[in-house]
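Notes follow once the structure below has been shown.
Residue numbers (this note's numbering), protein chains in the order written: chain U, 21 to 281; chain X, 21 to 281.
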């Protein structure tokens, strides 16, 4: 009744955070397999992280739900016997030279690249943040004072991003970048893991060559769940992706939120 | 291999916009069938509108992807022979008395209810906006000047919302409300239909009894696609849902954006 194509993949352990593969890496791997020549660009991608896979062999199943002229929609499942990540996505073709018909807001204001240190993949204590070996992330230190024990209390992180290999960003890289920044909970002094339950990325255009500017913010921590909103802007100052995730957080006994200065 | 439960439903024509069923109505119908006693509340809902169904008989298929202690995840498909709407959603249990651990921003500022007229279901020209017979929407007229030919050019709409039957809002009603406001393109003088490609709703808590305040905004119109962000705040001033959709728009020949005053 349904027509599903299955692909064998090998999840690369170098992308893992501790021993859990990075969510953006999983998503770009899944979506990359489901694109086609007629509809080569992701437009809206919605992923639910059902349970964390391990690095190593996995299967990606793709079901085409509709092939349209302008947009197609597919369902993609990553499984290791059980379903690990399930995603829906719509894909089409972005114009390379699109300009805004109407817009509001602008890219995040960042210090010059030379004033932004690269975020290390190795965390104190020895845990490896795998995506930071693949993504060259230069952070605005005003938003990463938690690294020296002085969180700003604003739940906001800003950074420059590019691929570690120096290549220009692809549209699939945006799915990685949209999930690459440190959790904004760090800026509130909550240093625990923030597992993604759901991540939606709306791609808005093809990224120009060069560095991408990223800002990640939250609006509400409540009842164990936080929203994290990430915007990606390309080197020409164009909004190229809007992402939001719902993620879990934990609060240590006795924690109180820092006051924003 | 997969365990799918199918339900027969009858899509109520009174919810249609013209002859197309309202997206939020479809979503709340689908999700309502997939909840269970252990995980009765939607948390993150992602829907891709593959093609528009007709009012009348349809089938809703539910596949449980994982049953967890705290969260379960399901896939839901609405079909009329072909797939019309496909959704993923994660569901759990919100605490009735949750309070923000940390938050930023606040509810939209609206004129008093008595100063906000009810949006009529009947549009000039005779097209019926079905959800406005089911949702009592009282609009901030500063954001609906397009109705008298004077769009403000801000791509923002604000309104009070409740059920037409006067009942207090349920958590499923939030899925309807998140897609109930007029397209923000109206505020730019673009009066055409804005079909939703993808809609994600993050429910953030159970709504208190009484009116819900809603604000809908856009950030970018480009290459035929617009983001519409909708926030819902309950009568106690709590953020109860964050939604964003990617939708299509069309521009008449010769259109230029109005200047915000």
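Every residue gets a Cβ at the ideal spot worked out from N, C-alpha and C, and that includes glycine.
Mind listing the chain A neighbours of residue i? Cutoff is C-beta to C-beta under 8 Å, in chain order.
i: residue 68/X; result: Absent from the structure: chain A. Protein chains present are U and X.
So what does DSSP say about residue i, is it helix, strand or coil?
i: residue 35/X; result: helix
i: residue 199/X; result: coil
i: residue 87/U; result: strand
i: residue 252/X; result: strand
i: residue 112/U; result: strand
i: residue 48/U; result: helix
i: residue 208/U; result: helix
i: residue 53/X; result: helix
i: residue 172/X; result: coil
i: residue 93/X; result: strand
i: residue 216/U; result: strand
Going by DSSP, which residues form a beta bridge with residue i?
i: residue 241/X; result: 122/U and 246/X
i: residue 69/U; result: 105/U
i: residue 27/U; result: 80/U
i: residue 222/X; result: 64/X and 262/X
i: residue 177/U; result: 236/U
i: residue 98/X; result: 80/X and 105/X
i: residue 41/X; result: 36/X
i: residue 156/X; result: 182/X
i: residue 268/U; result: 245/U
i: residue 143/X; result: For residue 143/X, which the question treats as bridged, DSSP gives no partner whatsoever.
Which residues of chain X have a Cβ atom closer than 7 Å to the Cβ of residue i, listed in chain order?
i: residue 71/U; result: 86
i: residue 115/U; result: 243
i: residue 208/U; result: 122
So residue i contacts chain U; which residues on that side make the cut at Cβ distance below 8 Å?
i: residue 225/X; result: 242 and 243
i: residue 264/X; result: 220, 222, 262 and 264
i: residue 302/X; result: Limits of chain X in this structure are 21 at one end and 281 at the other, which puts residue 302/X out of reach.
i: residue 79/X; result: Simply none; closest approach about 12 Å.
Please name the residue in the options whose C-alpha comes closest to that of residue i.
i: residue 230/U; options: 186/U, 148/U and 168/U; result: 186/U
i: residue 138/X; options: 149/X, 90/X and 128/X; result: 149/X
i: residue 164/X; options: 201/X, 154/X and 184/X; result: 201/X
i: residue 106/U; options: 103/X, 83/X and 116/X; result: 83/X
i: residue 198/U; options: 207/U, 209/U, 226/U and 236/U; result: 236/U
i: residue 258/U; options: 242/U, 116/U and 266/U; result: 116/U
i: residue 48/U; options: 39/U, 38/U, 61/U and 37/U; result: 61/U
i: residue 59/X; options: 91/X, 79/X and 26/X; result: 91/X
i: residue 127/X; options: 275/X, 267/X and 262/X; result: 262/X
i: residue 193/U; options: 104/U, 129/U and 254/U; result: 254/U
i: residue 71/U; options: 71/X, 267/X, 144/X and 85/X; result: 85/X
Distance check for residue j and residue i, CA to CA, integer angstroms please.
i: residue 232/X; j: residue 182/X; result: 6 Å
i: residue 272/U; j: residue 152/U; result: 26 Å
i: residue 177/X; j: residue 23/U; result: 42 Å
i: residue 73/X; j: residue 52/X; result: 18 Å
i: residue 132/X; j: residue 95/X; result: 41 Å
i: residue 159/X; j: residue 179/X; result: 4 Å
i: residue 135/X; j: residue 223/U; result: 39 Å
i: residue 269/U; j: residue 170/U; result: 19 Å
i: residue 29/U; j: residue 155/U; result: 21 Å
i: residue 18/X; j: residue 147/X; result: Given a span of 21 to 281 for chain X in the structure shown, any question on residue 18/X remains unanswerable.
i: residue 211/U; j: residue 89/X; result: 24 Å
i: residue 76/U; j: residue 36/U; result: 11 Å
i: residue 279/U; j: residue 64/X; result: 29 Å
i: residue 174/U; j: residue 238/X; result: 24 Å
i: residue 216/X; j: residue 93/U; result: 13 Å
i: residue 46/X; j: residue 31/X; result: 8 Å
i: residue 68/U; j: residue 103/U; result: 10 Å
i: residue 111/X; j: residue 66/X; result: 12 Å
i: residue 213/X; j: residue 188/X; result: 30 Å
i: residue 208/U; j: residue 100/X; result: 48 Å
i: residue 25/X; j: residue 80/X; result: 8 Å
i: residue 157/U; j: residue 206/U; result: 16 Å
i: residue 121/X; j: residue 50/U; result: 35 Å
Which chain U residues are close to residue i, counting only those with a beta carbon under 9 Å from its beta carbon?
i: residue 271/X; result: 121
Using the beta-carbon of each residue, which ones in chain X are nearer than 9 Å to residue i?
i: residue 193/U; result: What residue 193/U touches in chain X: nothing, since even the nearest Cβ is about 19 Å away.
i: residue 234/U; result: Simply none; closest approach about 15 Å.
i: residue 162/U; result: In chain order: nothing, as chain X lies at least about 17 Å away.
Taking residue i as the query, report the chain X residues whose CB atoms sit under 8 Å from its CB, ordered along the chain.
i: residue 175/U; result: 122 and 124
i: residue 239/U; result: 123, 124, 125, 259 and 262
i: residue 247/U; result: 222, 224 and 262
i: residue 217/U; result: 63, 64, 91 and 110
i: residue 118/U; result: 242 and 243
List the residues of chain U that residue i touches, going by C-beta distances under 7 Å, in chain order.
i: residue 25/X; result: Ordered by position in chain U, no residue passes the 7 Å Cβ test against residue 25/X, which lies about 15 Å from the chain.
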